[in-house]
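Residue numbers (our numbering), protein chains in the order written: chain A, 1 to 217; chain B, 218 to 434.
All C-beta atoms in this analysis are idealised placements derived from N, C-alpha and C, irrespective of residue type, glycine included.
Notes follow once the structure below has been shown.
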DNA sequence: TTGAATACATACATGCATGTATGTACTCTA
DNA sequence: TAGAGTACATACATGCATGTATGTATTCAA
């Protein structure tokens, strides 16, 4: 029916279509409504094709998570990361519609034992990518400045909260107070960066950077 | 079979059992696995009883949300609320296992059109209970101190993030960094309270309260 | 006290998601 | 190029959740 294709070409193409369809369905309709029938309908393949490549939905979700994590953490290995740059990277990611797919799978892992058995290790492995240890230079500074790590985790949890707000809003838009919260986070990140930077190289950073306590509004 | 009971007594007792069973099932097994069969099994009633009182699961979830909101917001109408007291009230609530039931229903509302049609108004009405306007004295101060409202919303979203972390963890426990994040929030709340309080009654608050920039760690 | 309404209980029918089993066309390898 | 393996497609069977319809016991109201 199609043009001539190698086996691996057909396989990867079909699996890719299934992964994309599953992601889209998770975002638009949630975990509960994301059935194999719905996924195959979106992907334009039959359930036979799905069953040939994946033993269960959980298997497919494994590939979905791999795909999403790869998208989310691209470019996160900058060796000169600061709290501000880390925050800005996170901000560029959390508002993506696909983030809802991750939230759906997180909750599903907790709820569905069979799914969790297969996926939980992958979820846990992903979680380490968001820990400070994933940013060596940040982690190093945190050893001397525990307050920096506190700010890091505060930023992290706040972003998750904002992502959940988007995921639960009817059109996927952010809450009315989103901008002001982000502004607050940016201020905190910059202030803490200034503190940590100032103590590293004593007296040359303070003049060019705003003071650590600046809360301009 | 039972001792003599009035009609309304039997009704309220049965509905109460159904609400509790539904909440427990939402917490333990999530929205997807919370079927009418499962709820009735937990409640110890037949599906006939359930169908007699509720036209659908969505109707029951309406009562579930009412019950949970009543529990969560009890005592939130203190006229002398501060950011710190509001935060402490929130901290005493968000870690309750029942909070996961609310999260499940929030996401389900977004995912399930039929459910959302009936429940979304109720969810939105609940959301207003968490807005600053629900704390008149706080809202009044925020008019002169927009930064206070920023801190308020930051606290709000961070707590949601922490609640989600608990909801998605295998045993419902908080993340390792939970304590340090909460400590950071408390510091921010106290500092901002001091700022707002200091500007209200000029010079008597600063001596007894820690300075607004204190970040003791 | 008697009819009517309420509060259930039971049984049946329907729809849907999944799993499996088998058939077919294409591709690779020897 | 011929057999074998791969990549699907189709059909059937099963299980489960929901809705409905009807039956029964209890309570209420006149």
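For residue i, does the count of other Cβ atoms within 10 angstroms reach 16, so buried, or fall short, so exposed?
{"i": "residue 16 (chain A)", "result": "exposed"}
{"i": "residue 481 (chain B)", "result": "This structure gives no information on residue 481 (chain B), because the portion of chain B shown stretches from 218 to 434."}
{"i": "residue 1 (chain A)", "result": "Low confidence applies to residue 1 (chain A): its pLDDT is 40, below 50, so where it sits in the model is not reliable enough to give any reading."}
{"i": "residue 207 (chain A)", "result": "For residue 207 (chain A), the predicted model reports a pLDDT of 44, less than 50, meaning its position is unreliable and no value from the coordinates is stated."}
{"i": "residue 409 (chain B)", "result": "buried"}
{"i": "residue 48 (chain A)", "result": "exposed"}
{"i": "residue 25 (chain A)", "result": "buried"}
{"i": "residue 394 (chain B)", "result": "buried"}
{"i": "residue 170 (chain A)", "result": "exposed"}
{"i": "residue 10 (chain A)", "result": "exposed"}
{"i": "residue 132 (chain A)", "result": "buried"}
{"i": "residue 165 (chain A)", "result": "buried"}
{"i": "residue 34 (chain A)", "result": "buried"}
{"i": "residue 405 (chain B)", "result": "buried"}
{"i": "residue 157 (chain A)", "result": "buried"}
Of the choices the options, whose alpha-carbon is the least far from that of residue i?
{"i": "residue 396 (chain B)", "options": "B:388, B:335, B:379", "result": "B:379"}
{"i": "residue 305 (chain B)", "options": "B:376, B:226, B:412", "result": "B:376"}
{"i": "residue 61 (chain A)", "options": "A:112, A:73, A:133, A:91", "result": "A:112"}
{"i": "residue 96 (chain A)", "options": "A:117, A:69, A:118, A:82", "result": "A:69"}
{"i": "residue 261 (chain B)", "options": "B:290, B:230, B:381", "result": "B:230"}
{"i": "residue 182 (chain A)", "options": "A:5, A:131, A:90, A:148", "result": "A:90"}
{"i": "residue 172 (chain A)", "options": "A:51, A:56, A:94", "result": "A:94"}
{"i": "residue 197 (chain A)", "options": "A:157, A:140, A:150", "result": "A:140"}
{"i": "residue 352 (chain B)", "options": "B:245, B:273, B:302, B:269", "result": "B:302"}
{"i": "residue 153 (chain A)", "options": "B:247, B:411, B:391", "result": "B:391"}
{"i": "residue 322 (chain B)", "options": "B:269, B:222, B:246", "result": "B:246"}
{"i": "residue 117 (chain A)", "options": "A:50, A:56, A:8", "result": "A:56"}
{"i": "residue 289 (chain B)", "options": "B:309, B:270, B:280", "result": "B:309"}
{"i": "residue 53 (chain A)", "options": "A:78, A:8, A:67", "result": "A:8"}
Which whole-angstrom value is the C-beta distance of residue i and residue j, which I expect to be below 8 Å?
{"i": "residue 80 (chain A)", "j": "residue 137 (chain A)", "result": "6 Å"}
{"i": "residue 326 (chain B)", "j": "residue 332 (chain B)", "result": "6 Å"}
{"i": "residue 120 (chain A)", "j": "residue 167 (chain A)", "result": "No, residue 120 (chain A) and residue 167 (chain A) are not in contact; Cβ-Cβ is about 20 Å, not under 8 Å."}
{"i": "residue 185 (chain A)", "j": "residue 155 (chain A)", "result": "5 Å"}
{"i": "residue 300 (chain B)", "j": "residue 365 (chain B)", "result": "7 Å"}
{"i": "residue 32 (chain A)", "j": "residue 248 (chain B)", "result": "7 Å"}
{"i": "residue 244 (chain B)", "j": "residue 318 (chain B)", "result": "5 Å"}
Closer than 7 Å: is that where the CB of residue i sits relative to any heavy atom of the ligand NAP?
{"i": "residue 170 (chain A)", "result": "Summarising the ligand content, the structure contains no ligands, and the ligand NAP is consequently not present."}
Discussion item. With three or more C-beta pairs closer than 8 Å as the rule, is the stretch 340-354 of chain B touching the stretch 109-126 of chain A?
Written reply: Flag = no, the stretch 109-126 of chain A and the stretch 340-354 of chain B do not touch.
Worksheet entry | Contiguous alpha helix (DSSP H) assignments of at least 4 residues, all confined to the stretch 92-164 of chain A | 99-111, 113-129, 136-144
Worksheet entry | alpha helix (DSSP H) runs wholly inside the stretch 37-71 of chain A, at least 4 long, in chain order | Runs of the alpha helix (DSSP H) inside the stretch 37-71 of chain A: 47-53.
Item to complete: Answer yes if the stretch 21-28 of chain A comes into contact with the stretch 36-49 of chain A, meaning at least three C-beta pairs across the two stretches below 8 Å, and no otherwise.
Response: A contact is defined here as three or more CB-CB pairs under 8 Å, and the stretch 36-49 of chain A meets this definition with respect to the stretch 21-28 of chain A.
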